[in-house]
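Participant: Here the protein sequences line up with chains A and B, keeping their order. Here this note's numbering is used: the first residue of the first sequence is 1, the next is one more, and so on. Here this note's numbering is used: the first residue of the second sequence is 355, the next is one more, and so on. First the structure, which I've put down as structure tokens, then a few questions once you've had a look.
Number of protein chains: 2
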Amino acid sequence: MEKRATIKDVAEAAGVGIATVSRVLSGGSASPETRERVLAVAAQLDYRPSATGRNLRQRRTGGLGLLVPDVTDTFFGRLADGVLAYARSAGEPVVLAATGADPEQESEMIGMLLEQSVDRVVAVPAGDAETWRPAVRAGMTVVFADRLPLESADGAEPDDDAPDRDLLLLDGLPVAAPPRPLDAPAVLADDRSGIRTAVRYLTGLGHRRIAYLGGPGHHGRVEAFREALGAPVDEELIVFATGTRDSAYAAASGLFQSRPDVTAVVAGGNVLGEAAVLAARELDLRVPQDVSLIMFDDVPWAELCSPPLTVIAQPGRDIGYRAAELALRTGARRPRTVVLPTELIVRASCGPHR
Amino acid sequence: MEKRATIKDVAEAAGVGIATVSRVLSGGSASPETRERVLAVAAQLDYRPSATGRNLRQRRTGGLGLLVPDVTDTFFGRLADGVLAYARSAGEPVVLAATGADPEQESEMIGMLLEQSVDRVVAVPAGDAETWRPAVRAGMTVVFADRLPLESADGAEPDDDAPDRDLLLLDGLPVAAPPRPLDAPAVLADDRSGIRTAVRYLTGLGHRRIAYLGGPGHHGRVEAFREALGAPVDEELIVFATGTRDSAYAAASGLFQSRPDVTAVVAGGNVLGEAAVLAARELDLRVPQDVSLIMFDDVPWAELCSPPLTVIAQPGRDIGYRAAELALRTGARRPRTVVLPTELIVRASCGPHR
DNA sequence: CACACGCGTGGATACGTTTTCAAGCATCCC
DNA sequence: GGGATGCTTGAAAACGTATCCACGCGTGTG
């Protein structure tokens with residue numbers, strides 16, 4: 001366990017000043033012979049500049065933060081893969097943290113990143129806009145991926161209860177400072193279009209009582225579902241889980257039991273979809289004879305499932321890649337939001353209304 | 355974007371020296387009133403000590419490196435989840451990198467971690483022992499998870515070709531320094547026992563022509579397979595993939611086509627298992643009537659598969675958790691290797707030999 | 001009463017780097 | 001030929017922290 005060589009060691013061994021070493025290594029100007037000598041010595045000593053020293057001096061850290069609700073969800077795995085790919089090409093390390101879909105834990109992790117001086121982050125947010133305001137006010141460059149943080153009820157008076165908010169809405173002109181949206185770009189899948197396609201596909205097959213099984217976040221997907229379904233939406237057919245597998249299963253099972261009349265369900269994510277086929281099987285509902293099933297997010301096992309699942313595919317890896325690019329590529333004015341297309345992949349889990 | 359408060363700001367605002375602030379915040383001694391005042395000021399300024407400054411001063415970084423071949427593989431997702439869980443409880447950030455099962459990329463990532471002064475790493479190694487020697491010699495505390503690095507052919511003379519190595523071996527006393535095994539602990543699943551159980555289960559069902567479908571690493575699993583199968587092993591029935599999904603599918607498909615006489619296959623990992631059921635389905639082989647299938651590693655979709663897959667479950671999350679614990683918990687003498695149990699979960703993908 | 005001792009405190013230093021600044025030197029143009 | 005200009009170079013400062021050391025003060029002991 002020998003101690004690492006420092007820039008000072010290199011300078012001494014090469015008979016130059018440390019400033020020269022620094023210049024040579026960061027591509028500054030130097031005479032050819034000096035440069036060559038320094039490079040040779042550095043290589044021979046196996047010198048690696050200390051990122052800590054550099055970061056301290058430059059008052060910023062290289063490095064990209066990555067915040068996801070759950071590393072176990074394969075969608076976030078693909079997203080992380082994309083982030084890692086871009087970060088690697090940019091030579092930046094990425095520090096990963098899981099939030100467990102819990103705003104409080106998310107705040108804690110943001111604090112940790114702040115402490116590490118990680119000033120660029122791609123995040124799949126769990127908390128609302130208020131959770132994130134401290135981060136962007138601290139100068140963090142944050143890029144949201146997959147979903148946006150909920151608009152917080154009110155920035156100035158978090159204690160407000162419903163009546164007050166109604167008043168504010170009725171008023172039209174908010175009394176307190178408006179909860180101006182976070183100044184952060186985002187890269188998302190085209191939820192609306194994806195859900196619309198799914199619903200149209202199902203209605204085209206004759207389905208009328210279609211349920212939506214949603215997780216946390218993705219408000220847009222629910223909205224799109226309501227929208228695509230047309231006017232009278234049976235609110236009982238829209239159920240939510242918290243993000244854990246257990247909760248997803250409970251939601252799916254509860255839905256099937258309380259409303260045996262549903263003929264089709266669209267699952268808002270792969271763990272929801274998994275829960276739905278599990279629950280259906282447990283209740284002896286045949287797919288697609290008894291109930292049709294369509295899932296947002298394509299995963300490898302969708303094809304292996306019985307029956308193979310019809311899905312709305314979304315480019316998880318690309319989402320991560322583009323988000324990392326937005327977070328890391330500084331300089332050019334960044335687009336506010338990029339939306340990536342989804343695709344309906346028809347397999348065998350949807351059938352005509354019986 | 356206000357600049358962060360430094361320890362100096364806190365000291366001035368509290369009317370004390372920076373040394374006192376540092377002491378108070380790191381639990382040193384101070385008079386109660388001073389302590390209280392400093393804490394109040396720190397809280398009011400929202401002061402966060404800079405990890406960079408601290409790390410530079412202390413010549414080490416908090417932080418845990420995590421190196422996995424592929425974040426997309428759900429097994430590594432669970433492993434990462436465990437690592438994150440322990441790291442969070444220890445208050446340490448984790449920097450993640452994917453190696454793509456490529457030793458060269460792995461070396462690159464090790465270098466990156468070294469540069470970041472990340473001196474503790476849990477790794478699912480891709481390269482051989484030689485790839486890792488620089489890391490441990492640089493003072494890194496590395497804990498291997500899930501698998502061990504291959505013993506490198508020879509440490510001192512990497513250019514050796516076969517004849518020389520034979521000579522060395524015949525000699526009995528190696529000329530160069532012996533390739534002493536890496537001085538690093540590891541936490542592994544009980545591969546041998548798991549595979550043995552799987553093979554016995556299959557032979558108990560009457561199977562004789564059993565194939566093994568392996569990925570990179572996990573030399574122990576193959577060995578155990580040979581061992582459990584008894585003396586004459588048909589080498590054609592042991593095939594390997596490189597770690598990508600495509601390669602796994604090609605291997606599985608090739609196996610089924612070249613040896614239609616196999617009646618059972620054990621897949622050495624979840625992506626191999628996935629590939630096997632895909633390939634079987636593509637070739638119209640019914641599971642388990644035409645071929646029985648057993649997979650190492652339990653995953654959520656195994657139950658959803660048609661038929662539900664019989665698996666050897668391994669505690670991926672625990673592996674990560676324990677590995678992180680070993681890497682982070684300093685002081686106490688660490689065990690050399692911890693082996694976690696596996697469990698046979700019988701579902702429906704194995705039938706009696708037809 | 002003098003002395004030692006313990007405790008709380010702050011100044012100074014070092015960690016490894018980048019960057020500024022001025023100096024040394026050769027070259028070029030008028 | 002002289003001054004200006006360009007290039008290379010090294011000393012020094014700064015980034016934010018932890019820690020060593022010395023100092024002042026109050027208390028207990030000889």
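We treat Cβ as the ideally placed atom computed from N, Cα and C, and that holds for glycine. The structure presented is a predicted model; accordingly, all values stated were derived computationally and were not measured.
May I have the straight-line CA-CA distance separating ALA656 (chain B) from ASP427 (chain B), to the nearest angstrom?
Facilitator: 14 angstroms
Participant: Just the chain A side, please: which residues come within less than 7 angstroms of MET649 (chain B) by C-beta, in chain order?
Facilitator: Within 7 angstroms Cβ-Cβ: nothing; MET649 (chain B) doesn't reach chain A, min ~11 angstroms.
Participant: Since GLY316 (chain A) and LEU79 (chain A) are thought to touch, with beta carbons under 8 angstroms apart, how far apart are those beta carbons, to the nearest angstrom?
Facilitator: In this structure GLY316 (chain A) is in contact with LEU79 (chain A), their Cβ atoms being roughly 5 angstroms apart against a cut-off of 8 angstroms.
Participant: Under 8 angstroms between C-beta atoms, does TRP486 (chain B) make it to chain A?
Facilitator: no
Participant: List the residues of chain B whose Cβ lies closer than 9 angstroms to the Cβ of VAL287 (chain A), in chain order.
Facilitator: Result: empty, since nearest Cβ-Cβ is about 11 angstroms, beyond 9 angstroms.
Participant: Going residue by residue through the stretch 17–67 of chain A, where are the continuous alpha helix (DSSP H) segments of at least 4 residues, counting only ones entirely within it?
Facilitator: Those alpha helix (DSSP H) runs which fall completely within the stretch 17–67 of chain A and span 4+ residues are 18–25, 32–45, 51–58.
Participant: Here's the rule: buried if 16 or more other CB atoms are within 10 angstroms of the residue's CB, otherwise exposed. What is SER443 (chain B)?
Facilitator: Counting Cβ neighbours within 10 Å, SER443 (chain B) comes out exposed, since fewer than 16 surround it.
Participant: Kindly give me the distance between the Cβ atoms of LEU272 (chain A) and GLY215 (chain A), rounded to whole angstroms, as I take these residues to be in contact under 8 angstroms.
Facilitator: 6 angstroms
Participant: Tell me ARG150 (chain A)'s beta-bridge partners as DSSP assigns them.
Facilitator: The residue you asked about is not Arg; residue 150 (chain A) is Leu in the sequence shown. Looking at the DSSP assignment, LEU150 (chain A) forms a beta bridge with A:ASP128.
Participant: Helix, strand or coil for LEU680 (chain B)? Go by DSSP, reduced to three states.
Facilitator: helix
Participant: Mind checking which residues open and close the beta strand (DSSP E) that includes ALA231 (chain A)?
Facilitator: Premise fails: ALA231 (chain A) is in no beta strand (DSSP E) and is neither H nor E.
Participant: Considering VAL631 (chain B), what are the terminal residues of the beta strand (DSSP E) in which it resides?
Facilitator: No beta strand (DSSP E) holds VAL631 (chain B); the alpha helix (DSSP H) holding it covers 624–636.
Participant: Can you find the residues in the same chain that come closer than 7 angstroms, C-beta to C-beta, to TYR740 (chain B), ignoring five residues on each side of it along the sequence?
Facilitator: Here chain B has residues from 355 to 708 only, and residue 740 (chain B) is not among them.
Participant: Judging by CA-CA distance, which residue of B:ALA565, B:GLU590, B:GLU589, B:ARG550 is the nearest neighbour of GLY574 (chain B)?
Facilitator: B:ARG550
Participant: Considering just the uninterrupted stretch of the beta strand (DSSP E) at GLY568 (chain B), what are its terminal residues?
Facilitator: That run of the beta strand (DSSP E) goes 564–568.
Participant: Determine the burial state of LEU523 (chain B): buried for a count of at least 16 other Cβ atoms within 10 Å of its Cβ, exposed for fewer.
Facilitator: Residue placement at LEU523 (chain B) is flagged as unreliable, the pLDDT there being 40, under the threshold of 50; the coordinate-derived value follows with that caveat. Exposed, by the Cβ-count rule.
Participant: So, does the CB of LEU694 (chain B) fall closer than 8 angstroms to a CB anywhere in chain A?
Facilitator: no
Participant: Any idea if PRO288 (chain A) is buried or exposed, counting beta-carbon neighbours within 10 angstroms, 16 or more meaning buried?
Facilitator: buried
Participant: Does PRO403 (chain B) have its Cβ less than 8 angstroms from a Cβ in chain A?
Facilitator: yes
Participant: Drop a sphere of 10 angstroms on the beta-carbon of ASP513 (chain B), count the other beta-carbons inside from all chains shown, and report buried for 16 or more, exposed for fewer.
Facilitator: Unreliable positioning characterises ASP513 (chain B) in this predicted model, as indicated by a pLDDT of 41, which lies under 50. A coordinate reading is not provided.
Participant: Can you list, in chain order, the residues of its chain whose CB lies under 6 angstroms from that of GLY194 (chain A), leaving out five sequence neighbours each side?
Facilitator: ILE312, THR342
Participant: Using only CA atoms, which one of B:GLU458, B:MET494, B:PRO457, B:THR406 lies nearest to LEU113 (chain A)?
Facilitator: B:THR406
Participant: Look up CYS659 (chain B) in the DSSP assignment and give the residues it is bridged to.
Facilitator: A:CYS305
Participant: In angstroms, rounded to a whole number, what distance separates the CA positions of ASP9 (chain A) and GLY493 (chain B)?
Facilitator: 19 angstroms
Participant: Out of B:ALA499, B:ASP473, B:GLY481, B:LEU504, point me to the one whose CA is closest to VAL490 (chain B)'s CA.
Facilitator: B:ASP473
Participant: Helix, strand or coil, according to DSSP, for MET649 (chain B) in the structure here?
Facilitator: If DSSP states are grouped into helix, strand and coil, MET649 (chain B) belongs with the strands.
Participant: Between A:ARG54, A:GLY204, A:PRO307, A:ILE7, which lies nearest to ALA43 (chain A) when the distance is taken from Cα to Cα?
Facilitator: A:ILE7
Participant: Check whether the Cβ of CYS350 (chain A) lies closer than 8 angstroms to any Cβ atom in chain B.
Facilitator: no
Participant: May I have the straight-line CA-CA distance separating LEU56 (chain A) from ASP435 (chain B), to the nearest angstrom?
Facilitator: 30 angstroms
Participant: Do ALA97 (chain A) and GLY320 (chain A) have their C-beta atoms closer together than 8 angstroms?
Facilitator: no
Participant: Of all the CB atoms in chain B, is at least one closer than 8 angstroms to the CB of VAL71 (chain A)?
Facilitator: yes
Participant: Using a cut-off of 8 angstroms between C-beta atoms, extract the partners of SER247 (chain A) located in chain B.
Facilitator: The premise fails here: SER247 (chain A) is roughly 14 angstroms from chain B at the closest Cβ pair, so nothing lies under 8 angstroms.
Participant: Looking at C-alpha atoms only, which residue of A:ALA13, A:GLY63, A:TRP132 is the closest neighbour of GLU398 (chain A)?
Facilitator: Limits of chain A in this structure are 1 at one end and 354 at the other, which puts residue 398 (chain A) out of reach.
Participant: Using alpha carbons as the reference points, say which of A:MET295, A:ARG281, A:VAL122, A:SER247 lies closest to LEU202 (chain A).
Facilitator: A:MET295
Participant: Note the first and the last residue of the continuous beta strand (DSSP E) segment covering ARG78 (chain A).
Facilitator: Note, ARG78 (chain A): premise wrong, no beta strand (DSSP E); alpha helix (DSSP H) at 74–90.
Participant: Of all the residues that make up the stretch 54–84 of chain A, which are near chain B by a beta-carbon distance shorter than 7 angstroms?
Facilitator: Cβ contacts with chain B: ASN55, LEU56, THR61, VAL71, THR72, THR74, GLY77, ARG78, ALA80, ASP81, LEU84.
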